[in-house]
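Reading through the structure tokens given below for one structure.
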Amino acid sequence: MAPERIIFIRHAEKPGADEGIGVEADGTSDEESLAVRGWQRAGALARFFCPIDEARAARLTPAAVFAPGTGPASKSKRAMQTVAPLVALLRATSRVKYVTAHQKDDGPALMRDDVLAQPGIVLIAWEHKVLPSLIEHLPRAPAVPAIWPSDRFDMIWILDRLPDGWSFSQVPQLLLPGDSAEPIAG
């Protein structure tokens with residue numbers, strides 16, 4: 002069994018000179034958490050991936066969501082926080098498998114043991130530096146940009162299963178002011 006579609010997103014905005022401090026969901030300052038703009042994106046992504054329009058939902062709503070857990074290699078909570086509103090919405094309206102058991106550098110096991118065993122649509126929210134290498138672990142993986150730029154939080158990569166591999170496309174989120182419709186070059 003393999004998923005029919007795998008959707009990749011980068012975690013939402015992190016603390017920095019342009020975005021301010023990181024905060025927990027309750028507003029407590031935390032450098033390993035999303036910036037306020039990141040929380041705004043996380044909330045908008047929930048409805049993006051769980052739209053009211055049933056035809057659109059059939060193409061975007063995941064049956065399984067993966068985000069790296071915290072551990073010795075990374076204390077970052079940003080990927081989990083990015084999908085938290087979506088997972089909460091999905092749990093309220095349907096069943097969803099939510100997995101945070103893998104660390105950010107555990108790509109081979111994530112893809113081989115978990116992602117490829119899922120049916121339907123899978124969403125992976127991960128660190129931008131690692132995202133392109135995750136795709137390399139798929140059998141007959143498509144060519145994708147080698148680098149996800151550090152300033153792009155607004156793009157979605159979609160892999161659709163074909164009889165002989167995967168197709169690759171990019172979809173701009175266009176959820177927040179300043180989001181770009183330009184695909185990631187590569």
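Read left to right, the sequence shown gives residues 2 to 187 (my numbering).
Glycine residues also receive a C-beta, built at the ideal position from the N, C-alpha and C atoms.
R38 - containing alpha helix (DSSP H), residue span
V37 to F50
Distance check for P16 and A68, CA to CA, integer angstroms please.
A straight line joining the alpha-carbon of A68 with that of P16 spans about 19 Å.
Straight-line gap, M156 to G44 (C-alpha atoms, nearest Å):
15 Å
Taking DSSP as the reference, what is the three-state secondary structure of I185?
coil
Note down, in chain order, each residue of its chain lying with its Cβ closer than 7 Å to the Cβ of E25, except the 5 sequence neighbours on either side.
D31 and S34
Can you tell me which of the three DSSP states L163 falls into?
strand
In whole angstroms, give me the CA-to-CA distance for G70 and A93.
A direct Cα-Cα distance of roughly 22 Å separates G70 from A93.
Hey, would you say L124 sits closer than 8 Å to I8, going by beta carbons?
yes
If distances are taken between C-alpha atoms only, which option among E137, L91 and A147 comes closest to L117?
E137
So the candidates are P73, K105 and I10; which of them puts its Cα closest to the Cα of A47?
I10
Any idea if F105 is buried or exposed, counting beta-carbon neighbours within 10 angstroms, 16 or more meaning buried?
The displayed chain sequence assigns Lys, not Phe, to residue 105. With 16 or more other Cβ atoms within 10 Å, it is buried.
Beta-carbon proximity check, P184 vs Q174, cutoff 8 Å
no
Neighbourhood of M2 by C-beta, 6 Å cutoff - its chain only, sequence neighbours within 5 removed:
Correct list, in chain order: P120.
Under 8 Å between the Cβ atoms of E5 and R162?
Closer than 8 Å, so yes.
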